[in-house]
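Reviewing the structure listed below.
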Amino acid sequence: MSDNKGEVVVRMAPSPTGYLHVGSARTAIFNYLFARHHGGKFIIRMEDTDTERSSEEMTTAILDALRWLNIDWDGEIFHQSQRFDIYRQYAEKLYEMGKAYYCYCSPDELDAKRKQAQAERRPYRYDRKCLHLTREEKQKLDDAGVPKALRIKTPLEGIGSFNDIVYGELTRDFTELDDWIIMRSNRKCTYNFSCVVDDHLMGITHIIRGNDHITNTFKQITVYNAFGWEPPKFAHIPLILGKDRHKISKRHGAVSVTDYKKKGILPEALFNFLALLGWSPGDEREIMGREELIKAFSLKRVSATNPIFDSVKLEWMNSEYIRRMDDNELLDKVRWVLIDAGLTTRLSVESHWHYMLKIVALMKERVRTLNDFPRLARFFFTDNFDYDEKGDKKHFKTPEVADRLNALRDKLSGLNKTFEINEIEKAVRGLAEKLNIKPALLIHPTRLALTGLTFGPGLFELMELLGKEKCLSRLDRAIDYIKNKFRT
RNA sequence: GUCCCCAUCGUCUAGUGGCCUAGGACAUCGCCCUUUCACGGCGAAAGCACGGGUUCGACUCCCGUUGGGGACGCCA
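In C-alpha cells form, the structure reads like this:
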C-alpha cells in the first residue's frame, strides 16, 4: 500500500455527513492541483466511521460534486467504515507497547472534570486516574462490566512542534495535550487515531487540510511518534469565511457545490475561483484554466490568512467563462435551464439547435449565470410577457407612440423578400427620419413591444432572430395596449 | 475560560528592507463607445490596524496593544 517511494501522495478525507461544501471543495482542489503538479497520486478516503451521521447518499453526493468539478482521483475509494479491524489492531498494539492504557471513567465524570477545569481557568487535561489503577482494581471493574476506552499516553511536559508548509514552525506545550481517547468503549477507534493509521498505511506524503485541524495535527503527531513512524509533511490551508467572518457553514446560505450548480455557476468558474481563494500564482493572472492552474500551483504560495467568500466576484468570473465558452458547449448546458423554466422542451431544442445557437450567441455577453438565460431571453420563447412597468411609463407615454408603432408595422410588413438585420435597420431609421424624430424614440418603444424589456441585445439583430411574424403580432399587441391605455 | 494562528483598498490579492508616490482584480463612481443593457476603452475614489523598537532606511524584521479567526468530544 505504501510503495510510492519518492512520489507525492495526497488525499482528501471527507466525512459523508452532508453535501460537499465549498470549503471541502477548495481543500480537494488544492490537493488535486498539488498532486497533478507533481505527477503524484490523489486519493479519496471516506471518513464514515460515525455511522450515526454518515450516509450512502452523502457519499454519492460528494463524489458527484467532485465529478461535476471535473476533479478525478486515483485508485479505489477507501471507506473507513470497512477498516475498523485494522485500526483496532493498531490500537491494541499500542496498548501492548505500553503506550496506551484503558480508562474506565464515565462520560459524565469526564464532563464534570472538564467543566471544573474551565471554572478554575486552567487547560483541561485528563488526570490519568485510570493509569494508576492497580491490577486488582482493573480486574474488579472488568468483572463488573464497566465500559473502558483506550487512551494514548502523551508526554507530560516538553514542547511539540512541526514545520508547516504554510505556517512555518508551529509549536505547542505538551501540557496542553491530554491522554486523548484512541479507541472508544465500543472498540471503534476515533478520528485522530484512524486518520494516522490510514495516512501511514496509504503512504500519504503531504497532508493538505484546513487550518482548523492544527490542534489535531499535534495530537496525531504523538501517534506517529508512539509507533516510530515518520510523519508526512503538513500544509494547513486558511479557512474560507462567510460574509460575517465566521467559518463558512449552512447558515451562510449557498455553501454546497450543488447550490452553486443550481445557481447557474459553471464548474470551471467555481474551480478557478476556489483555487484563487488563499492561493495566487504570484503574477496578475486570474482567469486560469485547469492546466494552467496545475502548472502554476505551489503550496509555498498559499496564504496564511482566512479569505472571505465573495460570491459577487464568483459571478463575475462565471460571466467570463460563459462569454469564452463555445456556443455549442454553452447551449448544451443552457438548454436544461430553459427546459426547467418551462420555456422549451427537449425535443424543440434538438430540432431548433441552429436557431437556439443564435440566441445563446446573442445573450452570452450580457449574462452572469446560466440562470440569467430564462429571465433575459424569455421573449424568444413565449408571447406571454408583461411590459416592464418603468418602461411602460417611459416609452408608452402618449397615444402618438401607437401611431408610430403602427407606421413601423406597416413598413415592416412591406419587407417582403428579406427580413434581415440591414433591411430592418434601414426601415426603422428611415421611418424615424420621415417622422422627423430621433431613432431612439422609435427604437425604445419597439424593444418594449417586442421583448417587454427596456434592455437587451441590439434591436435589429433581435428582430431578425424573432422573425417577421412575431414582430408584427407583438407590435399589434402593443398598439392595442397603448390605445386602450389612452381611451377615454 | 485555556491554547494556537492571522492582520495590505469594502472583498480577493501582489509585495520578502531601499524598485512603493503600495501594483492587479471584483464591486463602486465618472467619461467614451452606443438604440438600451452588457462588453470594451479611459479615469477616479479606496488600503499597509495602532504603539514602541531594530536599521542610514521599514508594508516588509522584533515586541506589545487592538481586532479577527480557529481548536478545545468515547464527532469527523
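Here the numbering used here is used: the first residue of the first sequence is 3, the next is one more, and so on. For glycine and all other residues, C-beta sits at the position ideal for the given N, C-alpha and C. Small disclaimer: the values here were computed from a predicted structure and weren't measured.
How would you call F488, buried or exposed, if buried means at least 16 neighbouring beta carbons within 10 angstroms?
exposed
Looking only at its own chain, which residues have a Cβ that is under 8 Å from the Cβ of I484, when we skip the five neighbours before and after it?
F398, P401, V403, A404, L407
From N6 to P16, what does the alpha carbon distance come to, in whole angstroms?
Any reading at N6 needs caution, since the residue's pLDDT is 49, under 50, leaving its predicted position unreliable; the model's value is listed next. Going by the C-alpha atoms only, they are around 23 Å apart.
How would you write the range of the alpha helix (DSSP H) that L349 sits in, first residue to last?
348-353
Do the stretch 102-110 and the stretch 38-58 make contact, defined as three or more Cβ pairs closer than 8 Å?
no
For F36, which option in A271, L243, A442, K235 has the closest C-alpha, if you only look at C-alpha atoms?
K235
Classify P240: buried if its beta carbon has 16 or more other beta carbons within 10 angstroms, exposed otherwise.
buried
Does the stretch 62-72 touch the stretch 196-214, meaning 3 or more C-beta pairs lie closer than 8 Å?
no
May I have the straight-line CA-CA distance separating G505 from F387, to the nearest angstrom?
Because the chain in this structure spans residues 3 to 490, residue 505 falls outside the shown range and cannot be described.
With a CB to CB cut of under 8 Å and the five nearest residues on each side skipped, what residues in its chain are close to R55?
S17, T19
For V369, tell me which candidate among A409, M358, L417, W318 has the shortest Cα-Cα distance.
W318
Completely contained beta strand (DSSP E) runs for the stretch 38-71, where each covers 3 or more residues:
43-48
What residue range does the alpha helix (DSSP H) around L473 cover?
In the sequence as displayed, the identity of residue 473 is Cys instead of Leu. Residues 470-488.
Check for me: the beta strand (DSSP E) holding Y104 runs from which residue to which?
102-105
DSSP three-state assignment for S163, whether helix, strand or coil
strand
What is the rounded straight-line gap between the Cα of K335 and the Cα of I296?
25 Å
Nearest-angstrom beta carbon gap, L278 and E288 [assumed within contact, 8 Å]:
7 Å
How would you call P376, buried or exposed, if buried means at least 16 neighbouring beta carbons within 10 angstroms?
buried
Under 7 Å Cβ to Cβ from L172, same chain only, skipping five residues before and after it: list those, please.
S163, F164, D166, I216
Euclidean distance between Cα positions of R47 and C197
10 Å
I'd like the span of the alpha helix (DSSP H) that includes T371, first residue to last.
Element bounds for T371: n/a, residue is neither H nor E.
Going residue by residue through the stretch 106-131, where are the continuous alpha helix (DSSP H) segments of at least 4 residues, counting only ones entirely within it?
109-121
Nearest CA to the CA of F275: which residue from D312, R253, V257, K265?
D312
Can you check which of these residues, R124, Y389, N486, Y357, is closest to L464 by C-alpha distance?
Y357
Report the rounded CA-to-CA distance for M204 versus I184, giving the unit in angstroms.
19 Å
How should S4 be labelled, buried or exposed, when 16 other C-beta atoms within 10 angstroms of its C-beta is the threshold for buried?
Interpretation of S4 is limited by its pLDDT of 46, a score under 50 that renders its predicted location unreliable; the figure taken from the coordinates is listed afterwards. So S4 counts as exposed.
Determine, using beta carbons only, whether L345 and R380 come nearer to each other than 9 Å.
yes
Per-residue burial, V314 [other beta carbons within 10 Å of its own, 16 or more giving buried]:
exposed
Expressed to the nearest angstrom, what Euclidean distance is found between the alpha-carbon atoms of A491 and L152?
Limits of the chain in this structure are 3 at one end and 490 at the other, which puts residue 491 out of reach.
For the beta strand (DSSP E) holding I242, just list the boundary residues, first then last.
Taken as a continuous stretch (DSSP letters only), I242 belongs to no beta strand (DSSP E), as it is neither H nor E.
Could you pull the DSSP bridge partners for L152 from this structure?
Y104, M185
Secondary structure of V336, DSSP reduced to three states:
helix
Just confirm the distance between the C-beta atoms of F229 and L71, as a whole number of angstroms; I'd bet it's less than 8 Å.
That belief does not hold up - the Cβ atoms of F229 and L71 are roughly 35 Å apart, past 8 Å.
The alpha helix (DSSP H) with L278 in it runs from where to where?
Careful: L278 lies outside any alpha helix (DSSP H) and carries neither H nor E.
Cβ neighbours of G25 in the same chain (closer than 6 Å, five flanking residues each side left out):
I242, I250
State the beta-bridge partners of I210 as determined by DSSP.
A237
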